[in-house]
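**Student:**
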Amino acid sequence: MMEKIQNPYIQYMYSYPHKTAYRPLQGIFLEDYAHLLAGKSHGLYLHIPFCQAKCGYCNLFSVTGQNEQQIDRYLVAVGRQIDQYQEILKPYHTEFSEITIGGGTPLLLSERQLEQIFDKMETGFAFSGRRGLVVETAPNQTCREKLAVLKRAKTSRVSMGIQSFSDEELKVLGRNHPAATAREAMDLLKEAEFSCVNVDFIYGIPGQTISSLLASLKEALRYEPDEIFLYPLYVKHGTGLASVVDTGLVLNPGLAFRQYQEAAAFLCSEGFRQDSMRRFVREKGKKAARGFSECGFGTSLALGCGGRSYIGSLHFCTPYAATQQGCWEQLEKFENTTDFSAVTHGFLLSDDEMRRRYAIRHLLIRPGMDMSAYEKHFGTCVMDDFPVLGEWRQQGFLKAEDIFLVLTQVGLGLSDYLGPQLISRQVWERMREWDAAWENRRQIRETARQGE
Ligand code: SF4
């Protein structure tokens, strides 16, 4: 496989289109799309863009060094946004079924701040009876007192980045905690008995071997997490790692792919079900395949700076920022915003882009795509719309099972190689344009630094 495909790591298709393809929008207001948030089953996302220190590989929207008062200022702006959104949604009787609080490091907030923001969301919006609450945490911020706040708020799922149990590998990644802190945090999470705990690990770390990766996973299993996510290490623009290692998105794709294969086989042998290239779910009791759930048109409204909203064909968020300076500027703009109903940056998906999004979201996750559901939504056959799928079948990456199109085990491991083949030309052009502009700015900064 690897002889033919030189690099299986082209692009993580986390969400389509990528944020770097978003552009300024004019004359669009949340009111125009609010009817799509009528009734039940919508997601609410709150972005907390603060971290204690920036990890070496991180290109997420987060800043470091904020004190409690500065975080309070951010929460005041989020509160203002909640008040305005609440007014806009009132006529549509919107009920959210899940809240996700991500970042950044949400538990960097003090207990008072956490309680305050939970309270503000709960009183500002309506929720379906058994709403889910997902909160991300990090080893340094996982303490008994904050977990108690999460329990009181009825958190259903806690997600923590461990990345590795090797101190050397954590150092290479630029994580600011030793493995011992992650162990203590896992003990606390286990003691708190959340209904779902998931942990993230990284492979493809310089110096990491297959056996050190497996050692980390074996150690993780001692804490019985419900889900494990495995991420290949991409070295992205503007990250600390990009300035100290040679360029290249995944540094040694051949070794990373072998690490992935060994890790996936290990987790499956330990009773985990593989739902995607990254996600492994612990089977409880009788083994069951993941059921089909429609995820191509899900709606999600984001609060705060840096989170994305998906409402029908409208996707929006604050402009993508890859440097601390860029994040600071966006944060300041957000905190000074008086009118949150104007949508000023995003992407309006055409019918073609909606089809691509639907295909990407279903094909890369098991149980795959229900072809009849696709035809019902779009009135055409997915195989005709995407001739490349025929090639994937011939190459052994995709198979048909009854009415489902499902990636084979080999295809699943190549998700970051196959998924990008479904990106439209327009989106590729925008992403490349953004990359070129970023490189240009980087060179100007570099020249200025050398002249100092
Ligand atoms: S990886 Fe997570 S904890 Fe590290 S800087 Fe990024 S958002 Fe913060």
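Heads up, the sequence shown is in our numbering, so the first residue is 26 and it goes up one at a time. Using N, Cα and C, we set each Cβ at its ideal position, and we do this for glycine too.
#1: Between the beta-carbon of residue 292 and the beta-carbon of residue 231, is there less than 8 Å?
#2: Take residue 215 as the anchor and find which of 369, 184, 243 and 46 has the nearest alpha-carbon.
#3: For the stretch 68–77 against the stretch 392–402, do three or more pairs of beta-carbon atoms, one drawn from each stretch, fall closer than 8 Å, so that the two count as touching?
#4: In the DSSP output, what is residue 223 paired with across the bridge?
#5: Quick one: what's residue 160 bridged to in DSSP?
#6: Which same chain residues end up closer than 7 Å to residue 186 when comparing Cβ atoms and leaving out the 5 residues on each side of it in sequence?
#7: For the alpha helix (DSSP H) that contains residue 94, what are its first and last residues?
#8: The ligand SF4 and residue 83: does the residue's C-beta get closer than 7 Å to at least one heavy atom of that ligand?
#9: Assign residue 118 to one of two classes, buried (16 or more other C-beta atoms within 10 Å of its C-beta) or exposed (fewer than that).
#10: Got a sec? Which residues, its chain only, sit under 7 Å from residue 196 by beta carbon, not counting five neighbours each side?
#11: Classify residue 425 as helix, strand or coil using the three-state DSSP reduction.
#12: State the DSSP-derived secondary structure class of residue 278, mapped to helix, strand or coil.
#13: Does the pairing of the stretch 371–378 with the stretch 95–111 give three or more beta-carbon distances under 8 Å?
#14: Report the rounded CA-to-CA distance for residue 431 versus residue 298, giving the unit in angstroms.
#15: Evaluate residue 442 with the Cβ neighbour count: other Cβ atoms within 10 Å of its Cβ, from every protein chain shown; 16 or more gives buried, anything less gives exposed.
#16: For the stretch 405–456, which segments carrying the alpha helix (DSSP H) assignment without a break, of at least 4 residues, lie completely within its bounds, in sequence order?
#17: With 16 other CB atoms within 10 Å as the buried threshold, where does residue 228 fall?
#18: I think residue 255 touches residue 303, with their Cβ atoms under 8 Å apart; what is that distance to the nearest whole Å?
#19: Here's a check: name, in chain order, each residue in its chain whose Cβ is nearer than 6 Å to the Cβ of residue 307, leaving out the five neighbours to either side.
#20: Return yes when the Cβ of residue 76 is within less than 8 Å of the Cβ of residue 132, no when it is not.
#21: Leaving out five residues before and five after residue 421 in sequence, what residues of the same chain have Cβ atoms less than 7 Å from its Cβ?
#22: Specify the secondary structure class of residue 295 as computed by DSSP and reduced to three states.
#23: Runs of 4 residues minimum, wholly inside the stretch 192–223: which ones carry the alpha helix (DSSP H) assignment?
#24: Where DSSP assigns a beta bridge to residue 371, which residues make up the other side?
#25: Measuring alpha carbon to alpha carbon, tell me which of 361, 440, 300 and 402 ends up nearest residue 282.
#26: Leaving aside the five residues before and after residue 104 along the sequence, list all residues of the same chain whose C-beta is less than 6 Å from its C-beta, in chain order.
#27: Does DSSP classify residue 308 as helix, strand or coil?
#28: Rounded C-beta distance between residue 371 and residue 330? I'm assuming under 8 Å.
#29: For residue 303, which of helix, strand or coil comes out of DSSP?
#30: Quick one: residues in its chain with C-beta nearer than 8 Å to the C-beta of residue 400, no 5 flanking neighbours on either side, listed in chain order?
#31: State the start and end residues of the unbroken beta strand (DSSP E) segment that holds residue 68.
#32: Between residue 389 and residue 301, how many whole angstroms is the CB-CB distance? I'm expecting something under 8 Å.
#33: Below 8 Å, how does it come out for the stretch 146–156 and the stretch 89–96: are there three or more Cβ pairs, yes or no?
#34: When the Cα of residue 263 is compared with those of 31, 465 and 55, which residue comes out closest?
#35: Helix or strand or just coil, what does DSSP make of residue 247?
#36: Could you check how far apart the C-beta atoms of residue 36 and residue 444 are, in whole angstroms? I think they sit under 8 Å.
**Tutor:** Straight from the coordinates:
#1: no
#2: 184
#3: no
#4: 184 and 252
#5: 126 and 183
#6: 163 and 225
#7: 93–114
#8: yes
#9: exposed
#10: none
#11: strand
#12: helix
#13: no
#14: 15 Å
#15: buried
#16: 407–410, 413–420, 434–438 and 440–443
#17: buried
#18: 6 Å
#19: 251 and 297
#20: no
#21: 433 and 435
#22: coil
#23: 192–198 and 204–217
#24: 48 and 341
#25: 440
#26: 145
#27: coil
#28: Not really, about 14 Å apart at Cβ, beyond 8 Å.
#29: coil
#30: 406 and 407
#31: 67–73
#32: 6 Å
#33: no
#34: 465
#35: coil
#36: 7 Å
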